[in-house]
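J.: I have a structure here, written as structure tokens, and I will follow up with some questions on it.
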Amino acid sequence: MTAEWTRVSGAVASLLLGMPVAAVAQTATVDTSLTPDAEQPLADTEGGDGQDIVVTGIRSGIEQAVRIKRDADNIVDVISAEDIGRFPDVNVAESVQRISGVQINRTRGEGRSVNIRGLPDTFTLVTLNGRAVPNALNDLFAGVSRSFDFSALAPEFVRTLEVYKSPTADLEDGGLAGTVNIRTPRALDLGKRVLALSAQGEHESNSGKLSPRLSGLFADTFLDGRLGLTLGASYTQRRPQTQQIETGWNTVTEAQGVPLGGGSDDLNGDGVIEPNRLVRIPGLIIHDMFTENNRRLSGIASVQFRPSDAVELYVDGFYTRVDVEAVRQENWQNFAGAGGVLSSRTEMLDGVETATDFTVSNIDLRNGGRFQDRSGYIRSLVGGGKFEAGSWTVVLEGSEQRSRQTRDTLNIADSINGTARVVARPGDAIPSITYLDGFDTRKLDPENFRLLSLNGELDRLTTDRLRDIKLDVRRDLGERGLTALRAGVKYTDRAVYSDNKTLTISAAGVSQLFGGLPPGPIAGSFSAAPFMIPIRSGAGAFLGSYDGGGAFPTQWLGSDARSFVAGLSDAELIAVGTYTNDATGILDVQEKILAFYGRGDLSFGRLTGNLGLRVVRTNQTTAGVAPDLNGITVEVETGNTTRVPAAEPLRVERSYWDWLPSLNLKFEATDQLQLRFAASRTISRPNLGDISPTTTANGNALTVTRNNPYVDPFRSNNLDATIEYYFGQDALVGASLFYKNLESLIRRETSIVSLPVSYIRTTGTTMIQTDFTVSELVNGSGVDLKGVELYFQQAFTRLPAPLDGLGTILNYTYIDNSDPTQLTAASKHNYNLIGYYEKGPIGARVSYSWRSSYLASAATAPAMGRVNRAFGTLDASISLQVTPQASVVLEAVNLLDRDEIVEYTTGLPANYLDAGRRVFGGIRLNF
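Heads up, the sequence shown is in this note's numbering, so the first residue is 40 and it goes up one at a time.
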């Protein structure tokens, strides 16, 4: 911890004293009033009364945030763009994590989703201009969910980002932990002409690649301020390389041995084979480099028309298209599929004897190169109108939104056998692997690899369609007592579908497509040599940031599937293979939601607030099939493809009501001291994939995973209290207390079931009866969560020049829960340290975000849970304004090049990921 703090403090000092930038997270509290998309323009910001008030730079943004927080009567944290087209971070999620009580989840180093107050990201509702957005843009390692992918939205399109920690009745339901609303700019709200341009280059340290980031935003008013037009476009390319080591563990009996069905083995090394002795052994160790070429083209458009002061009509559009070419070059070691056990030493971990020093013969080593090509889009069109008559305000609007993606993930599977030893003990960040008897040399000769198959997804389709219509009515009543009444209704119709199309081509079929392959190293096999290529890190060494003592290869051979299939059509591939769409893996869900709400706003001198009730009816229809678990097959030579046949069709229709009251109060004890209190009931519906009656199996790990269309939503009763003391125009110290009583959690219930399974190889099919760990989602007991947030911010304007440009924002969050073995994402300790400097044309921001370890997935015995170790990231940005319109900008993400480490709940290594450092440089123009 001391060394870490020294590196952080040194970097902060150097950047603050000599490297300027203008960007900082700004926290505020705002009220939502009845305007289009429930948007209340921020007080005293640009335009709105015919007189421009220019708000630019770090300090003015912080002063604005403090003023909004002080005046509002409901609890919301806000991050504002410093200027139109200039959001504080290159990724929207990276900004959110700087708010107290908020953490983010990363996918290969990039922020993708948000946790609020220690609850999973599925408990956070993310909306764009007040409404949920469909998202079918998932990769091979992520299923369909309700979580919004923050990388889908260009940060240049964000005007404000609001984090609601306590709801109001008119706020969209579904955010049990909270709601994050992203607002894009509108011309009539800005009240002036805006033209913002940005051109940057992004350098990825692991790949060594430089890629462009271009954006432009235009907004202006016409017809004497009655017509507003906003247009924005953005093109972003990323070419990262993430490097990682993944470790999987199997729990098998000595009678099952390795490989399964190959005969009994002495798995614990005591010299005696006890058929029923259960031993946890290393299953898979995968070294991989995931290289991507991501291209994203995005656009926003907004048209506003006010034919009179009482009427406003508007149309908002959002579009993003993603094209990804990626490849995962794997050094894939299947210890569970080895030919036999040579030696083993065990430790007792969580009541299971575990082989922590394990040597096998004829390990199944596969050096594949599974490519992932996917293309998709999100398209959103919203239209509506706002009508005012005296004390009445009515807003009517509707939307049509769609998202669609197709994906190919093909791999040429190859294999080589040899002797290997793995040592992995509790506390190790990675497993240490050693290749014996000359295997380390043989595996670098392509002539020693035999071809197994070509396999993977082909033209797999995912769609997400969302439609809604809503009506909001408000009546203003006065300035004291009951000041306003609001009521509304909203209907939402969402349908999600994902097929399960998979292609498998045998080695003979691949040889036919190739035009004849040479013989392989084993009689009757085909050589994989024509497809093998050397695999090395794009820049530097593989896992060059790792500083431990574990042994692992830094380069290997891998197959090049993309080059092979590039000249072949889908029809040619299908003609020589097996193309299936197994019904047990198809997701088909429709959800219809009807919501009503009523809300009253209150004001009694120094006491203000609101009281409301939201009533929601949810109808869900899921279609699928019941599985036949007695017909499981494993195609060993096609990546251990496991299939579960269908038994009969299954269709489930269900509905439920939820009553969601909310109360928000603010009391101004003095001109400087404010107290707040909130009470509410919130829900989050299960993940869409969780309520689909799908069943998957893994014949290598011996697991069966079943979802459940009958699981109930998560429901929580919440209390919040805050105290805020304002001791200057831009100075604030405060604390927030929160408590959540989750009435139930969706948990996995496990059982050990003996099932017949057929292992299919080119040499024949072996059927064995073996124990599978079957896990199924069920409604389980709930959990209580409580915590405190502490925050402080101040600009040190009283310091002598030039130090009077310094300022800071600090916050800390403590979270505790009653069931830490089940509740995921809950880091007990979280803090943010932000320092900034702004003086004349120079600005700088340095921020360090840290969270303690947290449960990533709960244990379902005998399978272990997963824990993410503590992680901190240092980000920085510098800026120099060279003209009134132009600034040169340099930004960095993960400046210290920290790696993400995951371990099992026993302390055994699970995953070690190096995403590298990202550096951005370029120019921004504002006119």
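Note that beta-carbon positions come from the ideal geometry of N, C-alpha and C, so glycine has one too.
Here the structure is a predicted model, which is why all the values come from computation and not from measurement.
Please determine, among Asp396, Leu266 and Asp160, the residue with the shortest C-alpha to C-alpha distance to Glu386.
T.: Translated into positions along the sequence shown, residue 386 becomes position 347. The residue with the shortest Cα to Cα distance from Glu386 is Asp396.
J.: Starting from Ala931, follow the beta strand (DSSP E) in both directions and report where the run begins and ends.
T.: Walking along the sequence shown from the start, residue 931 turns up at place 892. From DSSP, the beta strand (DSSP E) with Ala931 extends over Ala925 to Val932.
J.: Buried or exposed: His326, going by 16 or more other Cβ atoms within 10 Å of its Cβ?
T.: As a working mapping, residue 326 is identified with position 287 in the sequence shown. Looking at its Cβ environment, which holds 16 or more other Cβ atoms inside 10 Å, His326 is buried.
J.: Quick check on the burial criterion: 16 or more other C-beta atoms within 10 angstroms. Buried or exposed for Arg693?
T.: As a working mapping, residue 693 is identified with position 654 in the sequence shown. It counts as exposed.
J.: Looking only at its own chain, which residues have a Cβ that is under 6 Å from the Cβ of Arg39, when we skip the five neighbours before and after it?
T.: The structure shown does not extend to residue 39, since the chain is modelled only from 40 to 966, so the question has no answer here.
J.: Relative to the C-alpha of Ala898, which candidate in Arg185, Ser790 and Val535 has its C-alpha closest?
T.: Taking the first residue of the sequence shown as 1, we reach residue 898 at position 859. The candidate whose alpha carbon is nearest that of Ala898 is Ser790.
J.: Return helix, strand or coil for Ile138, following the three-state DSSP convention.
T.: Here residue 138 corresponds to residue number 99 of the sequence shown, with the count starting at 1. It is coil, neither helix nor strand.
J.: Does the stretch 711-724 come close enough to the stretch 763-772 to have 3 or more Cβ pairs within less than 8 Å?
T.: As far as the Cβ criterion goes, the stretch 711-724 touches the stretch 763-772, which means the pair count is three or higher.
J.: Just to check my reading of the structure: Glu815 and Arg98 have Cβ atoms closer than 8 Å, yes? What is that Cβ distance to the nearest angstrom?
T.: Position 776 of the sequence shown, counting from 1, holds the residue named residue 815. Position 59 of the sequence shown, counting from 1, holds the residue named residue 98. The Cβ separation is near 55 Å, so there is no contact.
J.: Please state whether DSSP places Asn154 in a helix, a strand or coil.
T.: For the purposes of this step, residue 154 is identified with residue 115 of the sequence shown, where counting begins at 1. Residue state, collapsed to three classes: strand.
J.: From the DSSP output, in three-state form, read off Phe591 for me.
T.: Translated into the one-based positions of the sequence shown, residue 591 becomes position 552. Coil.
J.: When burial is assigned at 16 or more other CB atoms within 10 Å of the CB, is Arg963 buried or exposed?
T.: Indexing the sequence shown from 1 puts residue 963 at position 924. With 16 or more other Cβ atoms within 10 Å, it is buried.
J.: Secondary structure at Gly563, three-state DSSP: helix, strand or coil?
T.: As a working mapping, residue 563 is identified with position 524 in the sequence shown. Looking at Gly563 - three-state DSSP - the assignment turns out to be coil, as it is neither helix nor strand.
J.: Among Gly169, Ala864 and Arg316, which has the Cα closest to the Cα of Glu436?
T.: Position 397 of the sequence shown, counting from 1, holds the residue named residue 436. The option with the nearest alpha carbon to Glu436 is Gly169.
J.: To the nearest angstrom, report how far apart Asp228 and Asp729 are at their CA atoms.
T.: By one-based count along the sequence shown, residue 228 stands at place 189. By one-based count along the sequence shown, residue 729 stands at place 690. Their backbone Cα atoms lie some 41 Å apart in a straight line.
J.: Note down, in chain order, each residue of its chain lying with its Cβ closer than 6 Å to the Cβ of Phe581, except the 5 sequence neighbours on either side.
T.: Looking up residue 581 in the sequence shown gives position 542. Cβ within range, chain order: Gln282 and Thr593.
J.: Between which residues of its own chain and Arg137 is the CB-CB distance below 7 Å, once the five residues before and five after are set aside?
T.: Within the sequence shown, residue 137 is the residue found at index 98, counting from 1. Once the five neighbours on either side are set aside, the close Cβ partners of Arg137 are Ala64, Asn871, Ile873, Ser886 and Ser888.
J.: Could you name the residues of the same chain whose beta carbon sits closer than 7 Å to that of Arg514, not counting the 5 residues immediately before and after it, in chain order?
T.: Against the sequence shown, residue 514 aligns to sequence position 475. Cβ within range, chain order: Ser430, Trp431, Ala523 and Leu524.
J.: Tell me the rounded alpha-carbon separation between Ser139 and Val105.
T.: As a working mapping, residue 139 is identified with position 100 in the sequence shown. As a working mapping, residue 105 is identified with position 66 in the sequence shown. In a straight line, the C-alpha of Ser139 is about 15 Å away from that of Val105.
J.: In the DSSP assignment, find the beta strand (DSSP E) that holds Leu758 and state where it starts and stops.
T.: As a position in the sequence shown, residue 758 is number 719, starting the count at 1. Looking at the DSSP string, the run of the beta strand (DSSP E) that includes Leu758 is Phe753 to Gly767.
J.: Using only alpha-carbon positions, find the residue among Ala622, Ile469 and Ile544 that is nearest to Asp586.
T.: What you label residue 586 is simply residue 547 of the sequence shown in a count that begins at 1. The candidate whose alpha carbon is nearest that of Asp586 is Ile469.
J.: Just to confirm, is the Cβ distance from Thr742 to Trp696 under 9 Å?
T.: Here residue 742 refers to the residue found at position 703 when the sequence shown is read from its first residue. Here residue 696 refers to the residue found at position 657 when the sequence shown is read from its first residue. No, the pair does not count as a contact, with Cβ atoms beyond the cut-off.
J.: What's the C-alpha gap between Val311 and Asp305?
T.: Counted from its first residue, the sequence shown places residue 311 at position 272. Counted from its first residue, the sequence shown places residue 305 at position 266. Using only the alpha carbons, I get a separation of about 6 Å.
J.: Can you give me the C-alpha to C-alpha distance between Val433 and Asp759, rounded to a whole angstrom?
T.: For this step, residue 433 is matched to residue 394 along the sequence shown. For this step, residue 759 is matched to residue 720 along the sequence shown. So the two alpha carbons sit approximately 31 Å from each other.
J.: Residue range of the alpha helix (DSSP H) that Arg601 falls in?
T.: Taking the first residue of the sequence shown as position 1, residue 601 is located at position 562. Run containing Arg601: Ala600 to Val604, per the alpha helix (DSSP H) assignment.
J.: Considering only C-alpha positions, which residue in the set Arg905, Leu646 and Leu824 is nearest to Asn113?
T.: Within the sequence shown, residue 113 is the residue found at index 74, counting from 1. Comparing Cα-Cα distances from Asn113 to each of Arg905, Leu646 and Leu824, the minimum goes to Leu646.
J.: Below 8 Å CB to CB, which residues in the same chain sit around Asn307 once its five sequence neighbours on both sides are set aside?
T.: As a working note, residue 307 is residue 268 in the sequence shown. For Asn307, where only same-chain residues beyond five positions count, the Cβ hits under 8 Å are Glu293, Arg316, Val318, Ser383, Thr385, Glu392 and Ala394.
J.: Measure the Cβ-Cβ separation of Thr290 and Ala949 and say whether it is below 9 Å.
T.: Position 251 of the sequence shown, counting from 1, holds the residue named residue 290. Position 910 of the sequence shown, counting from 1, holds the residue named residue 949. Contact: no.
J.: Tell me, please, which residues DSSP counts as bridged to Val979.
T.: No answer is possible for residue 979: it lies beyond the span of the chain, which begins at 40 and ends at 966.
J.: Going straight from the alpha carbon of Asn679 to that of Phe777, what length do you get?
T.: Here residue 679 corresponds to residue number 640 of the sequence shown, with the count starting at 1. Here residue 777 corresponds to residue number 738 of the sequence shown, with the count starting at 1. In a straight line, the C-alpha of Asn679 is about 47 Å away from that of Phe777.
J.: On the criterion of 16 or more Cβ atoms from any shown chain inside 10 Å, does Gly738 qualify as buried, or is it exposed?
T.: One-based indexing of the sequence shown puts residue 738 at position 699. Result: buried.
J.: Based on Cα-Cα distance, which residue from Asn494, Tyr853 and Thr836 lies nearest to Thr847?
T.: Position 808 of the sequence shown, counting from 1, holds the residue named residue 847. Thr847 has its Cα closest to that of Thr836, out of Asn494, Tyr853 and Thr836.
J.: Which residue from Asp511, Asn487 and Gly422 puts its Cα closest to that of Pro557?
T.: Here residue 557 corresponds to residue number 518 of the sequence shown, with the count starting at 1. Measuring from the Cα of Pro557, the nearest candidate turns out to be Asn487.
J.: Note down, in chain order, each residue of its chain lying with its Cβ closer than 6 Å to the Cβ of Gly559, except the 5 sequence neighbours on either side.
T.: Numbered from its first residue, the sequence shown carries residue 559 at position 520. Arg489, Phe565 and Ser566.
J.: Find the nearest neighbour of Asn154 within the set Asn703, Gln142 and Thr623, judged by alpha-carbon distance.
T.: Locating residue 154 in the sequence shown gives position 115, where the first residue counts as 1. Minimum Cα distance to Asn154 is reached at Gln142.
J.: Note the first and the last residue of the continuous beta strand (DSSP E) segment covering Glu386.
T.: In the sequence shown, counting from the first residue as 1, residue 386 sits at position 347. Counting along the chain, the beta strand (DSSP E) containing Glu386 begins and ends at Gly379 to Leu388.
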